[in-house]
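S.K.: Here it is: the structure, laid out below.
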Amino acid sequence: MKEEILKKARRVFDIEIGELLRLRDCIDDNLARAVEIILSCEGKVITTGVGKSGHIAQKIASTLSSTGTPAHFLHPSEALHGDLGVIDHKDVLLAVSNSGESPEVVSLIPYVKLLKVPIIAITNREDSTLARYADVHLFLNVKKEACPLELAPTSSSTASLVLGDAIAMVLLELRGFTKEDFALRHPAGSLGRKLRVVRELYHTGEEVPIVYEDTPMPDVIIEMTSKGFGATAVIDKGGKLVGIITDGDLRRFVRRGGNFNTSTAKDVMTKNPKTVKSDELAAEALKKMEEHKITVLIVIDDEGRPEGIIHMHDILRAGVL
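Residues in the sequence shown are numbered from 1 upward in steps of one, following UniProt numbering.
Quick look at the structure:
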């Protein structure tokens with residue numbers, strides 16, 4: 001029984017993978033045109049569709065919005081009862097319909113055309129009404145659904161979803177969308193925590209332990225002890241970071257026979273310490289700490305001057321992991 005179940009499940013995978021490969025091989029200049037239209041759009045992308053296609057359209061809108069392309073899902077039935085007003089002449093309509101003949105979606109065409117809004121259609125029929133009236137038609141080229149009854153949209157809905165993802169990811173790259181941009185759009189939940197940036201968590205001002213290269217070691221130890229990070233930044237006369245002294249550096253100095261009473265920060269410090277910028281992801285800072293087996297990073301500005309300090313515990317307390 002178990003083997004039969006697994007066999008049937010693998011059949012679904014095989015069919016849908018095969019249809020995706022067919023779609024990949026048939027994408028053409030129309031995809032490039034669709035991306036160019038959206039890229040030059042001064043408004044937003046309005047996605048629409050009903051049934052399974054509607055769910056796919058909602059997901060495409062969500063992916064676009066979270067990756068730098070403002071988008072909004074419009075249910076075609078609601079559109080015909082007043083919500084059509086959400087479409088502006090600066091927008092683009094992306095309509096998803098397997099048959100290309102969904103009455104609710106097709107009914108939108110005259111109104112959208114009056115606004116001179118470009119229509120990008122995703123369908124599995126090149127001769128459909130939606131395909132004919134669209135400015136750009138993206139043909140799914142799906143020959144076989146994974147449904148044994150050939151009824152439930154499976155391969156076609158997967159192909160629509162992947163096509164939408166492809167458009168969104170190409171736009172992301174062309175816009176130069178960054179991890180920091182992504183973080184700004186995902187402030188809540190575990191994803192938001194992972195995408196927090198260093199400036200949200202680091203210590204600044206009087207909290208930052210800093211000494212000069214020629215600071216006597218007794219004063220260095222007082223600075224380290226009073227600030228509680230087990231480390232201090234070491235700067236030159238111009239205020240630029242030149243080193244760091246940690247508890248480990250103190251122990252190594254003692255083992256070498258060093259004398260704190262006759263030494264300065266320069267004698268004990270580790271040169272060229274690991275640093276981080278305030279706009280970097282906290283997760284990246286944590287990764288750097290783990291790779292180099294350290295617990296603190298000095299946060300520097302563009303001139304190489306310390307502007308803060310971040311401890312591993314600051315990141316862990318924020319739930320970044």
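Yeah, the Cβ is synthetic: ideal placement off N, Cα and C, and Gly gets one too.
If I follow the unbroken beta strand (DSSP E) through A71, where does it start and stop?
M.R.: That run of the beta strand (DSSP E) goes A71 to F73.
S.K.: For T154 versus C147, is the C-beta distance shorter than 8 Å?
M.R.: The answer is yes: Cβ separation under 8 Å.
S.K.: Okay, do the region 118–131 and the region 92–103 touch, 3+ Cβ pairs below 8 Å being the bar?
M.R.: The region 118–131 is in contact with the region 92–103.
S.K.: How many Å lie between R305 and L172 at the Cα?
M.R.: Spanning the two alpha carbons is a distance of roughly 33 Å.
S.K.: Whole-angstrom Cβ separation of A319 and Y202, contact assumed at under 8 Å?
M.R.: A quick correction: the sequence has Gly, not Ala, at residue 319. About 16 Å separates the two Cβ atoms, so there is no contact after all.
S.K.: Going along the chain, which unbroken runs of the beta strand (DSSP E) with 3 or more residues stay wholly within the UniProt domain "SIS" (34–177)?
M.R.: Whole beta strand (DSSP E) segments, 3+ residues: 45–48, 71–73, 92–96, 119–123 and 136–139.
S.K.: Using DSSP with H/G/I as helix, E/B as strand and the rest coil, what is V208?
M.R.: Three-state DSSP puts V208 in coil, outside helix and strand.
S.K.: Does the beta-carbon distance from L93 to I119 come in below 8 Å?
M.R.: The answer is yes: Cβ separation under 8 Å.
S.K.: Taking the C-alpha atoms as reference points, what is the distance between I294 and V268?
M.R.: Straight-line Cα distance between these residues: approximately 17 Å.
S.K.: Determine the DSSP secondary structure at K266, reduced to helix, strand or coil.
M.R.: If DSSP states are grouped into helix, strand and coil, K266 belongs with the helices.
S.K.: If you run the structure through DSSP and keep just helix, strand and coil, what is A318?
M.R.: Correct three-state label for A318: coil.
S.K.: Just the C-alpha distance for D247 and F229, rounded to the nearest angstrom, thanks.
M.R.: If I take the Cα positions, the gap works out to 9 Å.
S.K.: What do you get for F13, buried or exposed, if any count of 16 or more other CB atoms within 10 angstroms of its CB means buried?
M.R.: Exposed: under 16 other Cβ atoms inside 10 Å.
S.K.: Would you mind working out which of Q58, S40, K271 and V142 sits nearest E213, comparing C-alpha positions?
M.R.: Looking at the Cα atoms, K271 is the closest of the given residues.
S.K.: For the region 3–23 against the region 72–79, do three or more pairs of beta-carbon atoms, one drawn from each stretch, fall closer than 8 Å, so that the two count as touching?
M.R.: Cβ pair count under 8 Å is below three, so no.
S.K.: Applying the 10 Å Cβ sphere with the 16-neighbour rule, what's the burial state of T47?
M.R.: Flag for T47 reads buried.
S.K.: What are the start and end residues of the beta strand (DSSP E) that includes G243?
M.R.: Counting along the chain, the beta strand (DSSP E) containing G243 begins and ends at L241 to T246.
S.K.: Name the DSSP bridge partner or partners of L297?
M.R.: According to DSSP, L297 bridges with I310.
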